[in-house]
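> So that you can map any letter, position 334 of the sequence shown is 1290 in this note's numbering, and since no number is skipped, the others follow by simple counting. Note that CB positions come from ideal geometry on N, CA and C, so glycine has one too.
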Amino acid sequence: MKKKHYLFGSLLLAVFLLTSCNKKTKNNIVKTKPNIIYILADDLGYGDLSSYGQTKFTTPNIDKLAKEGLLFTQHYAGSTVCAPSRSALMTGLHTGHTPIRGNKRLELPKESLTIAEVLKENGYKTGAFGKWGLGSANQEGSPMRQGFDAFYGYLDQRLAHHYYPNHLWENDQKIILEENQGLEKGQYAPNLIHKKALTFIENHKSEPFFLYYPSIIPHAELFAPVAYLNRFKGKFNPEKSYKGVDDGDLYKEGRYGSQENSHAAFVAMITLLDDQVGELVQKVKDLGLEENTIFIFTSDNGPHKEAGADPNYFDSNGILKGVKRDLFEGGIRVPMIAKWKGKIKEGTTTDHISAFWDVFSTFSEITENKKPIQVDGISFLPTLLGENLKQEKHDYLYWEFHELQGRQAIRKDNWKLVKYNVKTKEKFFLYDLKSDPSESNNLADKQPEKLKELKEILENTRTASENFKF
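1. Output the distance between the C-alpha atoms of ASN1273 and ARG1289, rounded to the nearest integer angstrom.
2. Using the three-state DSSP reduction, which class does ASN991 fall into: helix, strand or coil?
3. Take LYS1239 as the anchor and find which of ILE1056, GLY1103, LYS1161, TYR1269 has the nearest alpha-carbon.
4. Would you list the residues sitting across from SER1310 in a DSSP beta bridge?
5. Cutting at 6 angstroms between CB atoms, please list the residues of its own chain near ASP1271, excluding the five before and the five after it.
6. On the CB-based measure, 16 or more other CB atoms within 10 Å of its CB, does GLY1086 come out buried or exposed?
7. Within 10 angstroms of its Cβ, does ASN1416 collect 16 or more other Cβ (buried), or is it exposed?
8. Using a Cβ-Cβ cut-off of 7 angstroms (strictly less than) and excluding sequence neighbours within five positions of GLU1177, which residues of its own chain qualify?
9. Would GLU1356 be called buried (16 or more neighbouring beta carbons within 10 Å of its own) or exposed?
10. Given a cut-off of 9 angstroms on the beta-carbon distance, is the pair GLY1058 and PHE1385 in contact?
11. In the DSSP assignment, find the alpha helix (DSSP H) that holds ILE1018 and state where it starts and stops.
12. State buried or exposed for ARG1187, treating a residue as buried only when at least 16 other CB atoms are found within 10 Å of its CB.
13. Helix, strand or coil: which one does DSSP assign to HIS1350?
14. Suppose the cutoff is 8 angstroms on Cβ atoms and the five residues either side in sequence are ignored; what does the same chain contact list for PRO1393 look like?
15. Just list the residues that DSSP pairs TRP1355 with in beta bridges.
16. Which complete beta strand (DSSP E) runs does the region 1076-1162 hold, if anything under 3 residues is left out?
17. With the cut-off set at 9 angstroms, would you say THR1029 and PHE1316 are in Cβ contact?
18. For the beta strand (DSSP E) that contains ALA1294, what are its first and last residues?
19. Taking Cβ positions, are PHE1156 and ALA1106 nearer each other than 9 angstroms?
20. Does PHE1255 come out as helix, strand or coil in the three-state DSSP assignment?
21. Taking the DSSP output, what are the residues bridged to ILE1250?
22. Does DSSP classify ALA997 as helix, strand or coil?
23. Would you kindly work out how many angstroms separate the C-alpha atoms of GLU1216 and LYS1012, rounded to a whole number?
24. Measuring straight from C-alpha to C-alpha, what distance separates SER1015 and VAL1233?
25. Where DSSP assigns a beta bridge to ASP1388, which residues make up the other side?
26. Quick check on LYS1383: does DSSP put it in helix, strand or coil?
27. Whole angstroms is fine: what's the gap from ILE1252's alpha carbon to PRO1194's?
28. How is THR1305 classed by DSSP in three states: helix, strand or coil?
29. Taking TYR1169 as part of the beta strand (DSSP E), name the residues at either end of that continuous run.
30. Evaluate VAL1279 with the Cβ neighbour count: other Cβ atoms within 10 Å of its Cβ, from every protein chain shown; 16 or more gives buried, anything less gives exposed.
31. Once the 5 residues before and after LYS1130 are set aside, which same chain residues still bring their CB inside 6 angstroms of it?
32. Do SER1171 and ILE995 have their C-beta atoms within less than 9 angstroms of each other?
33. Do the region 1067-1079 and the region 1318-1338 touch if we need at least three Cβ pairs shorter than 8 angstroms?
34. Use the C-beta contact count for ARG1434: other C-beta atoms within 10 angstroms, 16 or more gives buried, fewer gives exposed.
35. Could you give the distance in angstroms between the alpha-carbon of LEU1049 and the alpha-carbon of SER1421?
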């Protein structure tokens, strides 16, 4: 009997030690998985940050991320408008392969594998706060069916043109904003969304989380809270006034439209976004999570010209040619800053050529995901860690755009080919970006062999799409 008791006790002890060991190992693994905060501005140009050369106003909190991290000089958005850029980001596929290639109202398909799904399967809590634009409530494209545990903000891109909407969405539930009914402007949506994002961080401080923060700032309409607007009134001369109504077919005349002082409103909005970035960083610091959190700040495409916006006045695209809806550099090259305390060397810059579809691969590698993924992206983790010799490079980058008669572009090394009027009479623009980053010297007639080489790639890199035909 004593021997049996001894054996039984030994067995219990072994089970206890094994369980404790497994728990300890699991906890250690969790601690090594960094939190990820991905902040996506909406229509913010390459030159709209003071760290990228803006001189008419400053963005001190975002600039501080650059001082404490890594600034990318050759990072590209997924597309030159909102929905396909987000689709490329979420799926890791460029616009020749990703399901949503334009701003049509479509649902991201159920079979699409998203960043959020992969991170969730690897133990992350996932939250999206801001503009989704890839599906509707309770449908297959809803963020709640594409890997997110929580969502608060705009599902519909058109509603996201407005800063005082009459409703937002929480998960798949419509939230009526009583103070914004009729002509009232009582609740500024970016502030409501920001509070929800801060709460998400607080609620998941003890476990790895992925916070996707797609702000609507500074997309048109141009509208800032009065306290922010008043700080900048009269500081930009000549001030550009604008009176207009967006989406007149959906909303009553006078319900929506930019503020008259559109220059001041534009700067006020970006200043508010900059303050919100600072608050996200401070929240992470206050919770003791700074060394285990990656911050990435970027924009979904180049600057817009709608509703009183004035990219020429603010030099919003810097030396780059083009704006939103262009496939020249100004429409697709965007700022990107990454901070990861203790991992990314502070105050560094990289000219590594990367794009939105690389983010999926990068996050997958960071979290040591074992699930097979089929994407167009290449992880830029070696660049983040300063291991440049290990950094794989793209053979080429590709974009397509389905408005304005159709447009395509390809970048291979320092060569850029842009094709306009795909559906009618074609126009080709060939540039050497190393010597001509402003794309001012079209070499299509002078470099026939290079033109032929890039045209062949352009014609063979996309897959057919029923929803987006050329």
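According to the structure shown:
1. 9 angstroms
2. strand
3. LYS1161
4. HIS1031
5. GLY1003
6. buried
7. exposed
8. HIS1117, HIS1118, TYR1119, ASP1202, TYR1212, GLY1213, SER1214, ALA1263
9. buried
10. no
11. 1016-1023
12. exposed
13. coil
14. ILE1275, LEU1276, GLU1285
15. ALA1365
16. 1081-1087, 1106-1110, 1123-1126, 1129-1132
17. no
18. 1289-1295
19. yes
20. Sequence check: residue 1255 is Ser here, not Phe. DSSP places SER1255 in strand when its eight states are reduced to three.
21. ILE992
22. strand
23. 19 angstroms
24. The sequence given here places Thr at residue 1015; Ser does not occur at that position. Those two C-alpha atoms are separated by around 10 angstroms.
25. TRP1371
26. strand
27. 35 angstroms
28. strand
29. 1165-1170
30. buried
31. HIS1123
32. yes
33. yes
34. Outside the shown range of the chain (957 to 1426) lies residue 1434, about which nothing can therefore be said.
35. 14 angstroms
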